[in-house]
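Chains A and B are the protein sequences, given in the same order. FYI, the numbering for the first sequence is 1 to 228, going by the numbering used here. FYI, the numbering for the second sequence is 1001 to 1228, going by the numbering used here. Heads up, the beta-carbon is just placed ideally off N, CA and C, and yes, glycines get one too. What you are looking at is a predicted structure, and each value in this text was computed from that prediction instead of being measured.
2 protein chains.
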Amino acid sequence: MQIALTTAGNEIASAAARCAYGQPIRRAPESPALGSTRTFAKGAEIYAEGDRAAFIYKVASGAIRTSKLLSDGRRQIDAFHLPGDIFGIEAGDEHRFSAEAIGEATVIAYRRCSLEILAANDSVVARQVVTAMMRALERAQNHMLLLGRKSAMEKIATFLLDLAGRISENGQVDLPMSRIDIADHLGLTIETVSRSLTQLERQGAIEVPAHRRSIVLRDTAALRRLDD
Amino acid sequence: MQIALTTAGNEIASAAARCAYGQPIRRAPESPALGSTRTFAKGAEIYAEGDRAAFIYKVASGAIRTSKLLSDGRRQIDAFHLPGDIFGIEAGDEHRFSAEAIGEATVIAYRRCSLEILAANDSVVARQVVTAMMRALERAQNHMLLLGRKSAMEKIATFLLDLAGRISENGQVDLPMSRIDIADHLGLTIETVSRSLTQLERQGAIEVPAHRRSIVLRDTAALRRLDD
DNA sequence: CGTGTTATTGACTTCATTCAAATTAGGTGG
DNA sequence: CCACCTAATTTGAATGAAGTCAATAACACG
């Protein structure tokens, strides 16, 4: 029982169908109600803080940032979501972050229903959603330590190692996001991000190719020493 | 079907019994296996980072802090847990924070089993645990914004308003925790916490009685202006 | 009352920010 | 392919918010 539109092995879609209709329903592939793929241009908003949370999302390609704003415009980027990552899960009925595509990105949107009902009705999807939530919680908790107690250099080192663990091929990390995004994720300014990268490069820990959107980790041991 | 030792209306205990034994089992009140109350002295450790997470806890009285350490001793207090709060839920099998009693405190410990099994087997407890996790996630996400983007004064204002919302009687907040704990929660030093409180007092927003362990909110509007 | 702990205050330093300018990258149209 | 333009990034100099170090003050408790 798998719905054509969804990616292979995806349990969320079938569960969402059950959730919405009581029992699994076979749907035409062109149905937009669940598991629909959407493409967003660079900078496009997927949802805003306060929007009704009707869907949860899975990144298919590209990268998404979720962020919160203070009234005067200061921004905190809670997380970057890469292909395979689920985002947009909420406890209440509205989004508590806004989500934007960083570059061009495609996401799969799944109609959401109350997580309590979901969890009660379907153990497979419950596990998936609970797991995604747990991951978000762990990420947030580690990030609190970073934001509250680490220096700029340590923040950058931690960030690079984390990204490398998620998307590096042979020690090279292609940054999907700008310096501003990195700064707003790490609680720094773009200038400090830039200076820290320069300093790490001078120390031989990393190498920043000309186009500035990728970073080669030269000395991960040195970075790890900064990480903790 | 309620187990004698547990507090009234508590679903976690009965679910834990089901979880551990497949079906509900009536246990003698003196059984320590689930819903057991434990008392901790000031500063006593309930569990350490890395400990096997065999229980989840609910605060009965007093206050608990959960925190993470950097290798050189810098500390980030993730949250303060007050009576009624659940803490110690983990995705994996070990604790990712340490938990200590702030003053003398009593907690109720519930034998834990894999959350996936929990969620699959029992919708009532699934809802409770998922709700507690959600709350932890929301707290963490708001706290990231505070740690990453707020000034010292704003941090203190947010902290006081939050605490007031949880334990104030008529605008008076009795702080269970020391300045060091506040500092380590807000990503500040004790000196900065102290100076910020003094400044808020000078501005007439708060009043700090002589014993320094309680705070009267005089002008919540002014605090709210700082909060966001 | 001492004594130890916790909090406040003061003086100075530092790390990161701010403001400003220069440089580089990437896209557009000739 | 190159000149131009805009946006992103880097770099420099000065400032500032919070940290550090040090001393004092206020409690809490025996």
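Under 7 Å Cβ-Cβ, which residues of chain B neighbour residue i?
i, result
"residue 71 of chain A", "1228"
Cα separation between residue i and residue j?
i, j, result
"residue 1214 of chain B", "residue 1178 of chain B", "11 Å"
"residue 1152 of chain B", "residue 191 of chain A", "22 Å"
"residue 1135 of chain B", "residue 91 of chain A", "8 Å"
"residue 1100 of chain B", "residue 161 of chain A", "31 Å"
"residue 1067 of chain B", "residue 205 of chain A", "30 Å"
"residue 1227 of chain B", "residue 147 of chain A", "18 Å"
"residue 61 of chain A", "residue 104 of chain A", "8 Å"
"residue 1158 of chain B", "residue 210 of chain A", "43 Å"
"residue 93 of chain A", "residue 53 of chain A", "5 Å"
"residue 86 of chain A", "residue 1198 of chain B", "44 Å"
"residue 74 of chain A", "residue 1222 of chain B", "20 Å"
"residue 1071 of chain B", "residue 38 of chain A", "44 Å"
"residue 194 of chain A", "residue 1171 of chain B", "45 Å"
"residue 154 of chain A", "residue 203 of chain A", "14 Å"
"residue 169 of chain A", "residue 1051 of chain B", "34 Å"
"residue 1025 of chain B", "residue 124 of chain A", "Unreliable positioning characterises residue 1025 of chain B in this predicted model, as indicated by a pLDDT of 41, which lies under 50. The coordinate reading is nonetheless provided below. Their backbone Cα atoms lie some 27 Å apart in a straight line."
"residue 1225 of chain B", "residue 1131 of chain B", "30 Å"
"residue 127 of chain A", "residue 1127 of chain B", "13 Å"
"residue 212 of chain A", "residue 1212 of chain B", "51 Å"
Spatial neighbours of residue i within its chain, please: CB distance less than 6 Å, with the 5 preceding and 5 following residues excluded, ordered by chain position.
i, result
"residue 1156 of chain B", "1196"
"residue 220 of chain A", "none"
"residue 31 of chain A", "Because residue 31 of chain A sits at a pLDDT of 43, beneath the cut-off of 50, its placement in the model cannot be relied upon, and the point is left open."
"residue 7 of chain A", "Per-residue confidence for residue 7 of chain A stands at a pLDDT of 41, beneath the threshold of 50, marking its modelled position as unreliable; the derived number appears in the next sentence. None."
Which residues of chain B have a Cβ atom closer than 9 Å to the Cβ of residue i, listed in chain order?
i, result
"residue 171 of chain A", "By Cβ distance, chain B contributes nothing, its closest Cβ being about 24 Å from residue 171 of chain A, past 9 Å."
"residue 143 of chain A", "1140, 1144, 1147 and 1148"
"residue 181 of chain A", "Ordered by position in chain B, no residue passes the 9 Å Cβ test against residue 181 of chain A, which lies about 13 Å from the chain."
"residue 68 of chain A", "1141, 1142, 1144, 1145 and 1149"
Check whether the Cβ atoms of residue i and residue j sit closer than 8 Å, and answer yes or no.
i, j, result
"residue 1076 of chain B", "residue 149 of chain A", "yes"
"residue 1095 of chain B", "residue 1047 of chain B", "yes"
"residue 1089 of chain B", "residue 1133 of chain B", "yes"
"residue 164 of chain A", "residue 217 of chain A", "yes"
"residue 137 of chain A", "residue 1137 of chain B", "yes"
"residue 1040 of chain B", "residue 1185 of chain B", "no"
"residue 69 of chain A", "residue 49 of chain A", "yes"
Below 8 Å on C-beta distance, what does residue i contact in chain A?
i, result
"residue 1187 of chain B", "147, 148 and 149"
In chain order, what residues of the same chain lie with their CB nearer than 7 Å to the CB of residue i, ignoring the 5 residues before and after it?
i, result
"residue 1043 of chain B", "1100 and 1101"
"residue 82 of chain A", "59, 63, 166 and 167"
"residue 208 of chain A", "197, 201 and 215"
Just checking my contact of residue i with residue j at CB under 8 Å: how many whole Å lie between their CB atoms?
i, j, result
"residue 107 of chain A", "residue 64 of chain A", "7 Å"
"residue 1187 of chain B", "residue 1110 of chain B", "Not quite, the Cβ-Cβ distance comes to about 32 Å (not below 8 Å), so this is no contact."
"residue 1173 of chain B", "residue 1167 of chain B", "6 Å"
"residue 1097 of chain B", "residue 1078 of chain B", "6 Å"
Residues of chain A with CB closer than 9 Å to the CB of residue i, please, in chain order.
i, result
"residue 1054 of chain B", "Chain A residues near residue 1054 of chain B: none, gap ~18 Å exceeds 9 Å."
"residue 1074 of chain B", "145, 148, 149 and 150"
"residue 1096 of chain B", "138, 141 and 142"
What residues of chain B sit near residue i, judged by a beta carbon separation below 8 Å?
i, result
"residue 91 of chain A", "1131, 1134, 1135, 1137 and 1138"
Mind pulling the chain A residues with CB within less than 7 Å of residue i?
i, result
"residue 1202 of chain B", "Correct list: empty, because the minimum Cβ distance to chain A is about 23 Å."
"residue 1078 of chain B", "141 and 144"
If you measure from the CB of residue i, is any heavy atom of the ligand PLP nearer than 7 Å?
i, result
"residue 196 of chain A", "The ligand PLP is absent from the structure shown, which contains no ligands of any kind."
Give every residue of the same chain whose Cβ lies closer than 8 Å to the Cβ of residue i, excluding the five residues on either side of it in the sequence, and list them in chain order.
i, result
"residue 1189 of chain B", "1183"
"residue 1084 of chain B", "1058 and 1059"
"residue 139 of chain A", "79"
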